[in-house]
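S.K.:
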Ligand code: IPM
Ligand code: MG
């Protein structure tokens, strides 16, 4: 199979972890006889430096042409005080919108080998296996009106949390479909005791659930959900929520997995005419400028995202499994980066990538 993949390494540790994910894709291509066609584009702070824009038109074009896009991370401290439209993050939000990837899948599971890496008690974390389905192209991240106006004591800022029925329906269907291949339980998370937006969310999710009578549905308010994720994380199978709640809860979920460096994500849109999902694949972690360029970032989030790409965009289940099995073997070997607090000397980013390849 020909795999036309665009990489967008982005900022900070993005380049290092993407390099290892690509190394793993190359190993998969060799082993399973696929042809890898890689191109690279600019996104985020590096794109602002080179072109003045966080999402250059050329990058959007390349992403629309590619079968799938693998992203590193965006964000640099020098832009901390820049207005939202001139920040690296705007590039990421832009590419999500351009590709129309409305469902962000963030699996969170505990690995036996990492159980000591989580600050939570072992009996809470052991056996955790959930997937957060975060709506990705709507809500308060994109809603209008937005902006800051006026001055003095009446200077005011506005953001709008906006969802249409259509947007809620399609991401809900994705969650219910996923649940059918898992433990058949969807927990929808909202703030319907306060927000009209959440009231519509809940009403539409309940309606969609009628199409999936074999899947159990329950609801949690987002504040309670934040607590339940720590108190009883095994209760979750598929956690369905809107954009900002999902952003926040998935970082909390990272604590269950031992390190945010472990978490992969797949952002999926509609099916392309060829029947493959349009996908953007990115680790959940950020650009971590404090450790950038030091070869110590954990590449498993990026490598897991590459595995998700093989699965969702190319339907290559055997190949995806080979990557995930290899990751598990490396975890068991203890040859891991510093964030996972290994017993011996920590491995480098590159050593971890090469070890995964050797098991493939
Ligand atoms: C994430 C990140 C992004 C988001 C930022 C970098 C814009 O936190 O993917 O979780 O908020 O979506
Ligand atoms: Mg986030």
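In my numbering, the protein residues as written are -3 to 356. By construction, the Cβ of each residue, glycine as well, lies at the ideal position given by its N, Cα and C atoms.
#1: Please indicate yes or no: does the CB of residue 243 lie closer than 6 Å to some heavy atom of the ligand IPM?
#2: Give the straight-line distance between the Cα atoms of residue 49 and residue 228, rounded to the nearest whole angstrom.
#3: Tell me, please, which residues DSSP counts as bridged to residue 352.
#4: Would you call residue 194 buried or exposed, if buried means 16 or more other Cβ atoms sit within 10 Å of its Cβ?
#5: For residue 278, count neighbouring C-beta atoms within 10 Å of its own C-beta (all shown protein chains included) and say buried if the count is 16 or more, exposed if not.
#6: Alpha carbon to alpha carbon, how far is residue 271 from residue -1?
#7: Under 7 Å, do residue 87 and residue 40 count as touching if we go by C-beta distance?
#8: Could you have a look at residue 264 and say whether DSSP puts it in helix, strand or coil?
#9: Give me, in chain order, the residues of the same chain whose beta-carbon lies closer than 7 Å to that of residue 241; leave out the 5 immediate sequence neighbours on both sides.
#10: Take the Cβ of residue 294 as the centre, count every other Cβ of all protein chains shown within 10 Å, and call the residue buried at 16 or more, exposed below.
#11: Would you say the region 12 to 26 touches the region 61 to 73, given that touching needs at least three Cβ pairs under 8 Å?
#12: With a cut-off of 8 Å on the beta carbons, I'd call residue 102 and residue 246 a contact; round off their distance for me.
#13: Going by DSSP in three states, residue 195 sits in which element: helix, strand or coil?
#14: Considering only residues of the region 162 to 216, which uninterrupted alpha helix (DSSP H) runs meet the minimum length of 4 residues and lie entirely inside it, listed in chain order?
#15: What are the start and end residues of the alpha helix (DSSP H) that includes residue 159?
#16: Name the residue from 353, 261, 291 whose alpha carbon lies nearest to the alpha carbon of residue 343.
#17: Secondary structure at residue 258, three-state DSSP: helix, strand or coil?
#18: Name the two residues that bound the continuous beta strand (DSSP E) containing residue 337.
#19: With which residues is residue 126 paired in a DSSP beta bridge?
#20: Among 340, 341, 314, which has the Cα closest to the Cα of residue 356?
#21: Should residue 286 go down as buried or exposed, given a rule of 16 or more other Cβ atoms within 10 Å for buried?
#22: Given this structure, state the Cα-to-Cα distance separating residue 129 from residue 60, to the nearest angstrom.
M.R.: Looking at the coordinates:
#1: Here residue 243 refers to the residue found at position 247 of the chain shown. Yes.
#2: One-based indexing of the chain shown puts residue 49 at position 53. One-based indexing of the chain shown puts residue 228 at position 232. Each residue's alpha carbon lies about 43 Å from the other.
#3: Indexing the chain shown from 1 puts residue 352 at position 356. Note: residue 352 sits in no beta bridge, so no partner.
#4: Against the chain shown, residue 194 aligns to sequence position 198. Residue 194 is buried by the Cβ-count criterion.
#5: Along the chain shown, one-based indexing puts residue 278 at 282. The residue is buried, with at least 16 neighbouring Cβ atoms inside 10 Å.
#6: Counting from 1 along the chain shown, the entry for residue 271 is found at position 275. Counting from 1 along the chain shown, the entry for residue -1 is found at position 3. Using only the alpha carbons, I get a separation of about 14 Å.
#7: Counted from its first residue, the chain shown places residue 87 at position 91. Counted from its first residue, the chain shown places residue 40 at position 44. Yes; because the gap between Cβ atoms is below 7 Å, this pair is in contact.
#8: As a working note, residue 264 is residue 268 in the chain shown. Note: residue 264 maps to strand in three-state DSSP.
#9: In the chain shown, the residue the question calls residue 241 occupies position 245. 185, 218, listed in sequence order.
#10: Indexing the chain shown from 1 puts residue 294 at position 298. Flag for residue 294 reads buried.
#11: yes
#12: Counting from 1 along the chain shown, the entry for residue 102 is found at position 106. Counting from 1 along the chain shown, the entry for residue 246 is found at position 250. Rounded, the Cβ-Cβ distance is 5 Å, consistent with contact.
#13: As a working mapping, residue 195 is identified with position 199 in the chain shown. In this structure, residue 195 counts as helix in the three-state DSSP scheme.
#14: 192 to 205
#15: What you label residue 159 is simply residue 163 of the chain shown in a count that begins at 1. If you look at residue 159, you'll find it isn't in any alpha helix (DSSP H); DSSP assigns it neither H nor E.
#16: The sequence position of residue 343 within the chain shown is 347, counting from 1. Looking at the Cα atoms, 291 is the closest of the given residues.
#17: In the chain shown, the residue the question calls residue 258 occupies position 262. Helix.
#18: Locating residue 337 in the chain shown gives position 341, counting from the first residue. No beta strand (DSSP E) contains residue 337, which DSSP labels as neither H nor E.
#19: Residue numbering aside, residue 126 sits at position 130 when the chain shown is read from its first letter. Its beta-bridge partners are 104.
#20: Taking the first residue of the chain shown as 1, we reach residue 356 at position 360. The shortest Cα separation from residue 356 among 340, 341, 314 belongs to 314.
#21: As a first step, residue 286 must be located in the chain shown, where it is residue number 290. Counting C-beta atoms within 10 angstroms of its own C-beta, residue 286 has fewer than 16 neighbours from the protein chains shown and is therefore classed as exposed.
#22: Here residue 129 refers to the residue found at position 133 of the chain shown. Here residue 60 refers to the residue found at position 64 of the chain shown. Those two C-alpha atoms are separated by around 23 Å.
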